[in-house]
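These protein sequence lines are chains F, R and Y, in that order.
The opening position of the first sequence corresponds to residue 10 in the numbering used here, with each subsequent residue numbered one higher.
The opening position of the second sequence corresponds to residue 131 in the numbering used here, with each subsequent residue numbered one higher.
The opening position of the third sequence corresponds to residue 8 in the numbering used here, with each subsequent residue numbered one higher.
Glycine is no exception: its CB is placed at the ideal position from the N, C-alpha and C atoms.
Quantities reported herein were computed from a predicted structural model and do not represent experimental measurements.
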Amino acid sequence: MALETSRPDGTKTETPAAPVRSYSTDAAGLGTRRALGFVAPALVLIALFLVFPALWVIVLGLTNYSLTGAAAADPGFVGLDSFVRALGDGRFYNSTWLTFQFVLGSAVIGQAILGFTLAKVLQGRIKPFVEGLVILAWILPGAVVAFLWVALLDRDSGSLNALLGIPGFAWLIDHPMLSIIIFNTWRGTAFSMMLYGAALGNVPPSQLESARLAGASGWQQLRDVIFPHIRGHILTNLLLISLWTFNDFSPFLLTAGGPDGKSEVLAVFVYKVALSGGDLGYGAAVSTVILLINLVVAVFYLRLLRTRR
Amino acid sequence: MIELRSLTKVYPGGVKALDALDLEVRDGEFFALLGPSGCGKTTLLRTIAGLETATSGQVVIGGRDVTNVQPGGRDVAMVFQDYALFPHMDVTDNISYPLRIKKVPRAVRADKAREVGERLGLERLMDRRPGQLSGGQQQRVALARVMATQAQAFLFDEPLSNLDARLRLEARTFLKKLQRELGVTTVFVTHDQAEALAMADRMAVMDAGHIRQIGTPAEVFQRPANTFVAAFIGSTPMNLLDGVVRGDTLEVAGSSVPVPASAAGRLTDGEKIVYGVRPEYLTYSAEPVPGALRGEVVLTESLGASHLVTLEAAGETVQVIVAEGSEPELGDLGHAVPRADRSLVYRDGELV
Amino acid sequence: MTRFVLRRIGYYTFVAVVLAFFALPLLWLLTAPFTDTPTYRVEWPDFTFANFATIWEHPYALGSLLNSVILAGGTAVIVVALSALAAYALSRVRIPGRDALLYTLLLLSSIITGTAAMVPLFQLAVTAGLIDSQLGLVLIMTGGLLPAAIFMLKDFMDTTPKSYEESARVFGASPLRIVWDVVVPVVRPGLATIAVWSVANVWGNFLMPYLLLSDVEKQPAAVIMYTLYTEGGSPNLRLLSTFGLLYSVPVVLMYLFVSKKYGFRFHGGIKR
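Printed below as a string of structure tokens:
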């Protein structure tokens, strides 16, 4: 590439110009190579300890891997047998049905509605205090809160029965699903409360006031002004907490799936089958199903997020 | 000192930020890059610094071709619009940071920092963090930092825009005085034409990747090379009126004005031109005057010590600056007499 | 007028119920450790510290807290270091496939949960002899936390002005020097938040250590806590209450600290 330049005597000449070699123009001048070097360690760790197990579970689901018995010594490839077995397994269906109840009851209904109501309704000096308690329920370690509820629900000397005046009422034994649903609602409301709190804060107050001046009642304001603004947030919130609840292992800490599998949500079912029972292949197949359901929900969630961003 | 030869920068999407620019900044000059947002002035400054690479062309600093040299090796120092003072370092460390890079021993660095700090009145602030300084103080620390580098050229990106309006005028004077004392070649970017006119020795007015005019403030103000520069420069917009050539007069806005001497002999009869004259270079007369623009007073705006009078003439607006005490009444018939050596004729946007 | 009064009564009743609902389970944790012979009931405490001695007496209780510290600290260090490097590079340099990578990372961390991965992780750990390896556990938990950490840190770094780095660059600093001198100090609040977030996540994690650590001496507090109330016989409430409280305090303190210092209120991802 030549450049036209002027010589001192005014005549024009062409001098071959040096080609413009570009160096990296990112802020610190790292360059692509070094940047890849920066990203590599994290990616390697993620690949080894997150991605690989996820891929491996699919492979495992196609084997008859076992901790005990003949297959332990000599595991073999069984193809889709485990998946077919799941389809015919009553215990699997029971677990799936219970998990559905768990998600619907504690997340979709419990956490979301309670979280929204708290965010909307709480005012004044009591508000930070109540919020503090709700958040405390969320951040305390799982094993501790599980035991706090075991204590609360104790049939003979638990505080709940004392308060309600029904000593001897066996919550965890007679009503395990109800117990874990209420427990999980208690545990996870904080997230929804804070999310809806932020979302409600973004609703322009002028619109609410216009509606009120026009004579709209509280419910009408909710329906006509607030709901359209937070509709997107509701959906993404529901998806996220459903995903989390679907994968939640904490019922194990309260009821260990019992009594008799009456609160055996999928997470507990997998544990029981594969780790207590030793049937890793079958457990892996069910885990794969869980993974796939997670995938569908997560993709849906991220797509919704992207369209809103 | 700084030469740009046919400098072009094209972004990956095909957007041409700089289009074959030729520019020469002389030794010790205070040079302004002026233009509206998006004209490429900041891109140009960053290309000189090396933070952006040129697609083609050359950047020559101090006689050395630095087109392919990384930003740290061009012997220039830059002050960013937000000053970029490192928040975790105190003033002394901030000022001496460039010297630390050059591996200057600690004692020498501290001395130099103190010396420069004193020069700019920062003695009592040397132990503070940037967060504890006012906007004006932060700016001086940023200046001290580039002064400590003793680079052969300084680059300032919108040096005054982060200051409140009040401080800005003080800072303008301060900056111009400082540059004069230091004598270091300085290029600064601004979108404020008043700032450029006040501070620069010479300036380049840019638009959409092109340089529209290079000149001193006087040249750019009195004889803008095209209608873009004519409209951009000046706190009160220049009157740009459509007109037709009629022999040795111009028919403009329903009046006849003489052809300016600078354009004499270069116009053809009957051609359409644009007549340009600044409100500051028109004299208002209540009495008819030959060769003046005649119109009805429709608005007067107070500018403090003077007034901006808007005349409506044959459907066009002509604005005149009138001294205080002589404002006309609304509805008066006014005559704006153009100053002969400050009237301009534009053909197809270019000065004739 | 009565409608207003009814509404007020309704509101106060609701608040009272909610208050009771959230406070009741928690009250036990505040009263039982300080009660002479605690029962499951929430009782007015005797304000005694004697029960805390049971933690000392138990062979594994104190050790488990130390294990929790080791696991949480170790994970946090690795997560912060690796996610900071990756987030910086992804924020500043236009690496090919960057957006796809970020999207995939976010997807992965949402999908591959402890529940979904417990079987393969257990099987792989058994096969590779990594059961009872605290390092192995740390690496696994790091792998799970890294994607979200990278995503959050990158978001944070995107909002940090580039002029600091560019300024240092024009002064002649080399890229690595810029990262150390300028970038790290400036993004410290983000790093601290990620560190605390990692610690909080690991501190309460039950499933992973329960799965992969069979040696009682290596188990963290989460597992020991569970063991304490599920092992045979009637649970030692003096131990459970004091241990539970001690185990809970650090994470509450951390939350208060971060919330005060950096105003970290998690808005569920919504931009305010």
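- Annotated as proximal: R/V221 and R/V271, with beta-carbon spacing under 7 Å.
- Y/T149 reaches chain F at L54, F58, counting residues in chain order whose Cβ is nearer than 8 Å.
- Within the stretch 165-183 of chain Y, the residues whose Cβ lies closer than 8 Å to any Cβ of chain R are, in chain order, P168, S170, Y171, E173, S174, A175, R176, V177, F178, G179, A180, S181.
- At a Cβ-Cβ threshold of 7 Å, F/L313 and F/T245 count as neighbours.
- At a cut-off of 7 Å between beta-carbon atoms, R/A214 makes contact with chain Y.
- Annotated three-state conformation of R/G406 is strand, per DSSP.
- Beta-bridge analysis with DSSP links R/E182 to no other residue.
- C-alpha of Y/A156 to C-alpha of F/A95: approximately 36 Å in a straight line.
- Short of 6 Å from the beta carbon of R/D378, and not among the five residues preceding or following it, lie these beta carbons of its own chain, in chain order: V389.
- The beta carbon of R/E431 sits closer than 6 Å to those of L438, all from its chain and outside the five residues before and after it, given in chain order.
- Cβ atoms of F/T194 and R/E182 stay farther apart than 8 Å, at about 55 Å.
- Y/L109 sits away from F/I55, with the two beta carbons spaced by 7 Å or more.
- Per DSSP, the continuous alpha helix (DSSP H) segment holding F/M202 begins and ends at 185-210.
- In the assembly as shown, R/K233 is an exposed residue. Its beta-carbon has fewer than 16 other beta-carbons within 10 Å.
- DSSP, read as helix, strand or coil, puts R/I363 in coil.
- If you look at R/R424, you'll find it in the beta strand (DSSP E) that goes 423-432.
- The stretch 148-218 of chain Y contains, as complete alpha helix (DSSP H) runs of 4+ residues, the segments 170-177, 182-185, 195-211 (chain order).
- When the alpha-carbon of F/W106 is set against those of F/F278, F/L248, F/R134, the nearest one is in F/F278.
- Nearest to F/I118 by alpha-carbon distance, out of F/D233, F/V295, F/G270, F/I190, is F/I190.
- For Y/P192, at least one C-beta of chain R is nearer than 7 Å to its own C-beta.
- Nearest to F/P213 by alpha-carbon distance, out of F/L45, F/F236, F/L59, F/F86, is F/F236.
- Put simply, the backbone Cα of R/V482 is about 12 Å away from that of R/K402.
- At least one CB atom of chain R sits nearer than 7 Å to the CB of F/T34.
- For the stretch 167-182 of chain R, the set of positions with a beta-carbon nearer than 8 Å to some beta-carbon of chain F reads L181, E182 in chain order.
- Taking 7 Å as the Cβ-Cβ cut-off, the stretch 16-34 of chain Y has no residue approaching chain R.
- The Cβ atoms of Y/I62 and Y/L69 sit closer than 7 Å to each other.
- Of all alpha-carbon atoms in R/G158, R/P166, R/L174, the one lying nearest the alpha-carbon of R/L134 is that of R/L174.
- Leaving aside the five residues that flank R/M329 on each side, the residues in its chain whose CB is nearer than 7 Å to its CB run, in chain order, F160, A162, R302, L305, K306.
- Rounded to the nearest whole angstrom, the CA to CA distance from R/I231 to R/V238 is 13 Å.
- Non-local beta-carbon contacts of Y/N212 in its own chain, meaning distances under 7 Å to residues more than five positions away in sequence, involve M148, A229 in chain order.
- Using beta-carbon distances, R/Q280 does not count as an interface residue toward chain F, since no partner is under 7 Å.
- The beta carbon of Y/M215 sits closer than 7 Å to those of G121, L144, I147, M148, all from its chain and outside the five residues before and after it, given in chain order.
- With the rule of 3 Cβ pairs closer than 8 Å, the stretch 215-230 of chain F does not count as touching the stretch 82-97 of chain F.
- One thing to note: F/V305 has its Cβ no nearer than 7 Å to the Cβ of F/L252.
- The alpha-carbon of R/G158 is positioned some 10 Å away from that of R/V317.
- Contact between R/T357 and R/G479 holds: their C-beta atoms lie close to 5 Å from each other, under 8 Å.
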